[in-house]
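These protein sequence lines are chains A and B, in that order. Okay, so the first sequence: first residue is 1 according to the numbering used here, each after it adds one. Okay, so the second sequence: first residue is 97 according to the numbering used here, each after it adds one. Where is the CB? At the ideal position from N, CA and C, for every residue including glycine. For clarity, every value in this text was computed on a predicted model and none was experimentally measured.
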Amino acid sequence: MKLLESEEVHASRPETLDDPDLLARGEWWLEVTGVLRQIFRLGLLTWSLLCFFCCVRLCLNARGIDASALLANLFIGLTAWFLACRIGANSWRDAP
Amino acid sequence: MDRFGITGLIIRDWTLWTEEIQKWIDWPTGTLCGVTDFVNYFPILLSLIWSASALVSIWKEWQEKARRRRSEARLPSFSILIPFYGDADAALRTALSVAQIRPAPDEILLINDGSPEGSVPLDRSLLPPGARVLELPRNVGKAEALNRGLRCIRSEIVVCMDADTRAHSMDWSGMLARFALCPDLGGITGKIWPESVRNLAQLLQAIDYLAVICMVKCAESLWGGLMTVSGAWVAYRRQAMIDCNGWSAKSSTEDIDLSWRLQAAGWKIAYDPHWTARVGMAATWKSLWLQRRRWSSGLGRALRDQAGGVFRHSSRHVPVAFMAFLSSLWIWLCLATLSAGAFISWKGTSFEWGDGSLLVRIVEWQFKHCSLYALIFVFQIAVAILVDRGTWKRYPLLILFSPLYPVYFWLILVTSFLAGFPRGMMRRDGGRWEPTAEIE
């Protein structure tokens with residue numbers, strides 16, 4: 001059930017690549033690439049968290065901290081996290 | 097140089113990860129070690145990620161403030177919805193708390209959701225100017241009451257307040273300017289302060305709201321979405337509500353449900369720490385536990401019903417949904433590993449590997465490192481104080497009570513999650529009014 005009739009809408013929303021109207025016009029490939037994008041984001045987030053886990057473990061390792069491994073994981077983890085959040089925004093300007 | 101160059105770092109990391117993956121696929125020892133590492137390290141990691149994100153958000157806030165000053169965008173029109181069931185006096189106090197806000201709202205709509213017979217009637221003579229009352233002939237639940245209220249207004253922005261919420265911010269132009277500046281912003285939730293702290297239950301809730309919930313929202317906002325808005329204090333763009341068919345009467349936590357649907361549809365939701373309100377805290381341990389169980393049920397419901405929306409092309413909340421899933425998984429794995437450890441220890445089974453038994457690995461590790469957990473939590477509170485600096489003078493005193501938080505976490509949050517989450521995953525229970533707070 002629709003909450004209100006569409007003609008009652010008087011605010012306007014800018015058309016972006018994510019606009020549902022584009023899908024309504026039959027551009028189904030946007031949905032496919034969109035799903036792939038979300039899976040890619042999840043992959044980046046997973047990799048990022050694994051890197052952070054590795055950092056925590058390296059820091060808590062009683063046998064001493066491996067500085068280069070710590071730096072590598074921190075760098076890759078932060079990059080992956082940043083990219084995963086940025087890819088979700090509709091444009092680079094409109095970042096989270 | 098090569099050792100610390102980018103290429104060297106990546107090669108070093110690749111070698112490390114190859115070794116790690118080889119360990120994890122070594123069933124059962126390696127895999128179980130991986131699970132226990134997740135159980136042991138995830139709280140530390142989560143706290144550090146929240147704290148780091150909150151610190152970055154402080155920096156971004158300074159930038160945003162400068163940009164907002166330069167903006168001369170027209171502020172959108174707005175109306176306020178206050179649904180209530182039974183407690184007309186509380187709704188009236190809420191309406192009076194927004195009587196002096198700037199800019200003035202188009203209207204304040206109080207929605208009487210078929211209050212039961214015998215409840216105190218609303219004294220209309222005390223209503224502020226611009227307020228009117230929508231009387232529903234029978235009780236339809238909060239979500240449907242809000243939907244009916246939404247049909248009665250025409251403003252661009254709809255602010256929803258619970259009857260136990262009191263507006264604290266009197267200047268709402270900052271919140272409204274964000275809607276004007278960002279056309280795809282579907283909703284903003286503000287910061288909630290405890291109304292009063294009179295007992296230990298309310299004190300621990302105050303720590304939870306100020307040091308955890310507010311900071312988590314701050315961090316999540318930075319990641320591009322929120323796990324949920326606070327249904328008691330939130331503003332929505334009316335068109336976003338129409339896009340998503342409004343509030344769902346099928347969910348007991350209409351705010352979580354709507355947050356996930358809005359973000360799946362491509363609308364952004366944000367947190368504004370400068371738009372503040374006071375909310376009554378649950379007064380007893382029982383009401384607190386029931387409230388948290390309802391929230392956990394709502395999370396379970398959202399994960400069940402809205403998980404597909406995370407993969408939609410327009411979805412914005414992948415990071416928060418991912419963290420919500422991992423947090424839920426952590427509690428279940430924690431319970432499973434602790435139970436297994438206790439069982440093995442009781443049976444005296446020699447299930448040995450690596451540096452000790454399963455029980456040694458989990459329980460002893462956590463007890464040995466409880467000081468580390470405490471230290472990280474104190475750091476988190478310190479960052480939260482920095483985020484909310486200047487808003488509450490007694491806030492730093494909360495650090496003194498922070499050692500009690502783990503007790504609250506395990507006795508209230510974890511148990512209510514274990515009871516509520518499966519309910520949300522399995523059942524279909526519609527929303528109903530459950531007052532949890534005692535208002536003066």
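Opposing strand residues paired with residue i [DSSP bridges]
i, result
"residue 209 (chain B)", "B:232"
"residue 267 (chain B)", "B:198"
"residue 368 (chain B)", "B:286"
"residue 261 (chain B)", "B:375"
"residue 179 (chain B)", "B:207"
"residue 158 (chain B)", "Residue 158 (chain B) is not bridged to any residue."
"residue 107 (chain B)", "Answer is none; residue 107 (chain B) lacks a bridge partner."
"residue 253 (chain B)", "B:174, B:333"
"residue 227 (chain B)", "B:204"
"residue 281 (chain B)", "B:364"
Cβ-Cβ distance between residue i and residue j below 8 Å
i, j, result
"residue 291 (chain B)", "residue 419 (chain B)", "no"
"residue 58 (chain A)", "residue 49 (chain A)", "no"
"residue 133 (chain B)", "residue 175 (chain B)", "no"
"residue 286 (chain B)", "residue 329 (chain B)", "yes"
"residue 140 (chain B)", "residue 472 (chain B)", "yes"
"residue 360 (chain B)", "residue 339 (chain B)", "no"
"residue 288 (chain B)", "residue 388 (chain B)", "no"
"residue 74 (chain A)", "residue 55 (chain A)", "yes"
"residue 265 (chain B)", "residue 127 (chain B)", "no"
"residue 206 (chain B)", "residue 227 (chain B)", "yes"
"residue 131 (chain B)", "residue 429 (chain B)", "yes"
"residue 426 (chain B)", "residue 138 (chain B)", "yes"
"residue 356 (chain B)", "residue 413 (chain B)", "yes"
"residue 336 (chain B)", "residue 239 (chain B)", "no"
"residue 423 (chain B)", "residue 399 (chain B)", "no"
"residue 327 (chain B)", "residue 401 (chain B)", "no"
"residue 500 (chain B)", "residue 300 (chain B)", "yes"
"residue 494 (chain B)", "residue 477 (chain B)", "yes"
"residue 109 (chain B)", "residue 67 (chain A)", "no"
"residue 511 (chain B)", "residue 135 (chain B)", "no"
"residue 294 (chain B)", "residue 374 (chain B)", "no"
"residue 211 (chain B)", "residue 181 (chain B)", "yes"
"residue 406 (chain B)", "residue 331 (chain B)", "no"
"residue 278 (chain B)", "residue 156 (chain B)", "no"
"residue 514 (chain B)", "residue 386 (chain B)", "no"
Proximal chain A residues relative to residue i, where beta-carbon distance stays under 9 Å
i, result
"residue 407 (chain B)", "34, 35, 38, 39, 42"
"residue 106 (chain B)", "72, 75, 76"
"residue 418 (chain B)", "41, 42, 45, 46, 49, 84"
"residue 202 (chain B)", "Under the 9 Å cutoff, chain A gives no residues; its nearest Cβ is about 13 Å from residue 202 (chain B)."
CB-CB length for residue i against residue j, believed under 8 Å
i, j, result
"residue 474 (chain B)", "residue 498 (chain B)", "6 Å"
"residue 379 (chain B)", "residue 274 (chain B)", "Not really, about 34 Å apart at Cβ, beyond 8 Å."
"residue 178 (chain B)", "residue 204 (chain B)", "7 Å"
"residue 415 (chain B)", "residue 84 (chain A)", "6 Å"
"residue 184 (chain B)", "residue 216 (chain B)", "5 Å"
"residue 282 (chain B)", "residue 333 (chain B)", "5 Å"
"residue 242 (chain B)", "residue 218 (chain B)", "About 18 Å; that fails the 8 Å criterion."
"residue 315 (chain B)", "residue 149 (chain B)", "3 Å"
"residue 369 (chain B)", "residue 310 (chain B)", "7 Å"
"residue 260 (chain B)", "residue 235 (chain B)", "With 8 Å as the limit, residue 260 (chain B) and residue 235 (chain B) do not qualify as a contact, their Cβ atoms being about 18 Å apart."
"residue 390 (chain B)", "residue 516 (chain B)", "7 Å"
"residue 586 (chain B)", "residue 173 (chain B)", "In the structure as shown, chain B begins at 97 and stops at 536. Residue 586 (chain B) is therefore absent and cannot be evaluated."
"residue 52 (chain A)", "residue 77 (chain A)", "5 Å"
Chain B residues whose Cβ lies nearer than 8 Å to that of residue i
i, result
"residue 69 (chain A)", "108, 109, 112"
Per-residue contacts from residue i into chain A (C-beta, under 8 Å)
i, result
"residue 414 (chain B)", "38, 41, 42, 45, 84, 88"
"residue 425 (chain B)", "Neighbours of residue 425 (chain B) on chain A: none; closest Cβ ~12 Å, over 8 Å."
"residue 133 (chain B)", "53, 57"
Within chain A, the residues that residue i reaches when beta carbons sit closer than 7 Å
i, result
"residue 140 (chain B)", "56"
"residue 137 (chain B)", "53, 56, 57"
"residue 411 (chain B)", "38"
Near the ligand PLP: residue i beta-carbon under 7 Å from a heavy atom
i, result
"residue 297 (chain B)", "No copy of the ligand PLP appears in this structure; indeed no ligand is present at all."
* To do: Spell out a yes or no on whether the stretch 224-234 of chain B and the stretch 297-314 of chain B are touching, meaning 3 or more CB-CB pairs, one atom from each, closer than 8 Å.
  => no
* Touching or not, the stretch 318-326 of chain B and the stretch 340-355 of chain B, by the rule of three or more beta carbon pairs under 8 Å? -> yes
* Would you call the stretch 35-43 of chain A and the stretch 103-117 of chain B touching, i.e. three or more CB-CB distances under 8 Å? -> no
* Asked: Touching or not, the stretch 390-409 of chain B and the stretch 336-350 of chain B, by the rule of three or more beta carbon pairs under 8 Å?
  -> yes
* Mind the definition here: the stretch 380-388 of chain B touches the stretch 252-270 of chain B only if three or more C-beta pairs lie below 8 Å; say whether that holds. => no
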